[in-house]
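> Residue 45 in the UniProt record's numbering sits at position 45 of the sequence shown, with consecutive numbering throughout.
Note that beta-carbon positions come from the ideal geometry of N, C-alpha and C, so glycine has one too.
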Amino acid sequence: SFRQPADLVVHQRTHTGERPWRCEECGKAYVASWDLKRHRLSHGGDRPWACGDCGK
Numbered sequence: 001s002f003r004q005p006a007d008l009v010v011h012q013r014t015h016t017g018e019r020p021w022r023c024e025e026c027g028k029a030y031v032a033s034w035d036l037k038r039h040r041l042s043h044g045g046d047r048p049w050a051c052g053d054c055g056k
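(1) Which same chain residues end up closer than 8 Å to HIS43 when comparing Cβ atoms and leaving out the 5 residues on each side of it in sequence?
(2) Which of the three DSSP states, helix, strand or coil, is assigned to ARG47?
(3) When every heavy atom of the ligand GDP is checked, does at least one fall within less than 7 Å of the C-beta of THR14?
(4) Taking ALA6 as the reference, which of PRO20, ALA32, GLY55, ASP53 has the closest Cα?
(5) Counting along the chain, where does the alpha helix (DSSP H) carrying SER33 start and finish?
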């Protein structure tokens with residue numbers, strides 16, 4: 001069971017294969033908008049988090 005209706009919708013997409021959130025830059029598609037948002041970081045130069053030990 002799910003706490004939020006949106007969580008159920010995202011889960012149901014794993015069964016239907018629906019991936020409505022598509023990256024305009026590379027075409028990769030996702031079941032949830034937040035997954036696409038995280039993916040978009042891979043295309044830009046913006047990397048706001050760094051390792052405190054090595055700087056990477």
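Inspection of the coordinates gives the following:
(1) As a position in the sequence shown, residue 43 is number 43, starting the count at 1. Counting only Cβ-Cβ distances below 8 Å, and skipping sequence neighbours, we find CYS23, GLU25, CYS26.
(2) Indexing the sequence shown from 1 puts residue 47 at position 47. ARG47: coil per DSSP, three-state reduction.
(3) For the structure depicted, the ligand GDP is absent and the ligand set is empty, with no information on it obtainable.
(4) Counting from 1 along the sequence shown, the entry for residue 6 is found at position 6. Among PRO20, ALA32, GLY55, ASP53, the Cα nearest to that of ALA6 belongs to ALA32.
(5) Working through the sequence shown from its first residue, we reach residue 33 at position 33. Note, SER33: alpha helix (DSSP H), 33-40.
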